[in-house]
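Have a look at the structure below before the remarks.
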Amino acid sequence: MQIKNLKVTTLPDMLRSAADRQPEKGFAFEENDGVTFLTYPQILREAEAWAARWQTLGLQPGDCVLVIMATAPLFAPVYWSLLLCGAIPCVLPSPTLIQGKALGVEKLRQVGLRLQARWLVTSEHEIGIWGENTFPFPLKSIEEVASLSPASFTPPDIHSEDIALIQASSGSTSQPKCIALTHLNVLANLHQSEDRLQASPNDVTVSWLPLFHDMGLIGCFLFVTYCQMKGVLIPPANFIRRPVRWLQAFTDHKGSLSPAPNFAYALALRRVSAAEQASLDLSSWRSAMCGAEPIDARVLQAFARRFQRSGFDPAALTPCYGLAEAALCVTMKEMKRPLAVETICRETAATEQIAKVVPSNQNGQETLATLDICDCGPPVMEAIIEIRDEHGRV
Numbered sequence: 008m009q010i011k012n013l014k015v016t017t018l019p020d021m022l023r024s025a026a027d028r029q030p031e032k033g034f035a036f037e038e039n040d041g042v043t044f045l046t047y048p049q050i051l052r053e054a055e056a057w058a059a060r061w062q063t064l065g066l067q068p069g070d071c072v073l074v075i076m077a078t079a080p081l082f083a084p085v086y087w088s089l090l091l092c093g094a095i096p097c098v099l100p101s102p103t104l105i106q107g108k109a110l111g112v113e114k115l116r117q118v119g120l121r122l123q124a125r126w127l128v129t130s131e132h133e134i135g136i137w138g139e140n141t142f143p144f145p146l147k148s149i150e151e152v153a154s155l156s157p158a159s160f161t162p163p164d165i166h167s168e169d170i171a172l173i174q175a176s177s178g179s180t181s182q183p184k185c186i187a188l189t190h191l192n193v194l195a196n197l198h199q200s201e202d203r204l205q206a207s208p209n210d211v212t213v214s215w216l217p218l219f220h221d222m223g224l225i226g227c228f229l230f231v232t233y234c235q236m237k238g239v240l241i242p243p244a245n246f247i248r249r250p251v252r253w254l255q256a257f258t259d260h261k262g263s264l265s266p267a268p269n270f271a272y273a274l275a276l277r278r279v280s281a282a283e284q285a286s287l288d289l290s291s292w293r294s295a296m297c298g299a300e301p302i303d304a305r306v307l308q309a310f311a312r313r314f315q316r317s318g319f320d321p322a323a324l325t326p327c328y329g330l331a332e333a334a335l336c337v338t339m340k341e342m343k344r345p346l347a348v349e350t351i352c353r354e355t356a357a358t359e360q361i362a363k364v365v366p367s368n369q370n371g372q373e374t375l376a377t378l379d380i381c382d383c384g385p386p387v388m389e390a391i392i393e394i395r396d397e398h399g400r401v
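Add 7 to a position in the sequence shown, counting from 1, and you land on the number used in my numbering.
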């Protein structure tokens, strides 16, 4: 796939460009005791200091490093420092987040062995939960490495075809799958998303998504940097406890873009009270992306109806489809077009794998015989989709 007009050719150059061209932009990390804002120049300076520490410890270009860190200000410089070194980061959830600690530890061990991980970088708190000798690869404490005095950083040669990062699936139904993405893979998909969203440095992206999830890492953290805009990051646990935190961020930061799965919109519908809604201003929100799991048209339509009173534009609903092998986005609804929903026959879909369009119920509701399907839009620029059977036939 050839994508024209890429701003840069590697992810480190992407950060340097953002620091140079939009020095006042960066990330606002919402924490329990307030908001910490890091500009791109700050992130770059701190990342170079961390990169010097990693080089002192012997990190080499091409080394795979597992990362388990919370959505907090320290994540930005640490993650970028690994990319600056030419290392290959793989962000993973803590085993404590997986049902059954033993199962989580075993899945993490398997990923590390498969990737021949040089280190696992995490906090002393996490290491204290598992123990130093739990894994067959070294653990590096963030606190311990931070105490080292950084020497000067020597940037290695990094090329667009080098592997930039690895995305690991959750492994909820099988063993985790690991997908290697080159700098060009990631940059091309970021450019495709920027084009479809008509994004600019004037936008503000709001996200509560975990940074170990491709929609959180690529669709927010890296996308924000590519577009050189402001990003607002909310810890996932804070959103789960109080879903209004997500919506309040649009009021506080004039957010315009946000990716989230279907359940986030459903949770906001259930848990945001009328009193909480009264203080919301969602008029700046121009693209409410929805993907990563089956999309329920009824949920999105109900969300739009309710929060239209808070300034939300129903045309902002943006169903999309993606997969890690494509970096992230494959299709997305075009901007300013209304949400399109087709009603299909459930039985035909289940028995013949055919989407047979049927008339919708008079009251616009699904029945036991029908299923409402959201249109996830056309492929993003230069993307080609083929539907193949289990034997690879088109």
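Where a beta carbon is used, it is the ideal one built from N, C-alpha and C, also for glycine.
Any contact between the region 288-304 and the region 265-275? By contact I mean 3 or more CB pairs, one from each, below 8 Å. Taking 8 Å as the limit for Cβ pairs, the verdict is that the region 265-275 does touch the region 288-304.
Can you tell me whether P145 is buried or exposed, with buried defined as 16 or more other CB within 10 angstroms of its CB? Classification of P145: exposed, given that the 10 Å Cβ count is below 16.
With distances taken from CA atoms, which of P80, P163, R249 and I173 is nearest R121? Measuring from the Cα of R121, the nearest candidate turns out to be I173.
Taking Cβ to Cβ, would you say C97 is nearer than 8 Å to A171? The criterion of a C-beta distance shorter than 8 Å is not satisfied by C97 and A171.
Looking at the structure shown, is C383 part of a helix, part of a strand, or coil, going by DSSP? Of the three classes helix, strand and coil, the one that applies to C383 here is coil, per DSSP.
For R249, which of S280, K184 and I380 has the nearest alpha-carbon? Check the Cα spacing between R249 and each of S280, K184 and I380: the tightest is with S280.
Can you tell me whether C234 is helix, strand or coil according to DSSP? C234 falls in the helix class under three-state DSSP.
Taking the alpha carbon of L224 as the point to measure from, which residue in P242, K147 and N209 has its own alpha carbon closest? Considering only alpha carbons, the answer is P242.
Helix, strand or coil for V72, going by three-state DSSP, please let me know. Three-state result, V72: strand.
Spatial neighbours of Q29 in its chain, beta-carbon cut-off 8 Å, leaving aside the 5 residues before and after: Result list for Q29: Y47, P208, Q235 and M236, in chain order.
Should the region 122-132 be called in touch with the region 13-28, which here means at least 3 C-beta pairs below 8 Å? With a cut-off of 8 Å on Cβ pairs, the region 122-132 is not in contact with the region 13-28, counting fewer than three such pairs.
A94 and D70 look like a contact to me (Cβ under 8 Å); what is the Cβ gap, rounded to whole Å? The beta-carbon separation of A94 and D70, rounded to 5 Å, stays under the 8 Å limit for a contact.
Straight-line Cα distance separating I136 from K14: Put simply, the backbone Cα of K14 is about 43 Å away from that of I136.
Rounded straight-line distance, which links the Cα of G238 to that of I50: Per the coordinates, the alpha-carbon of I50 lies some 13 Å from the alpha-carbon of G238.
Go ahead and pull the three-state DSSP assignment for V112. For V112, the three-state secondary structure derived from DSSP is helix.
Which residue marks the beginning of the beta strand (DSSP E) containing G33, and which one marks its end? Residues G33 to E38.
Tell me, which residues are paired with Y328 by DSSP? Answer is T338.
If we ignore side chains and look at the alpha-carbon of each, how far apart do F310 and A109 end up? Take the alpha-carbon of F310 and the one of A109: they are about 38 Å apart.
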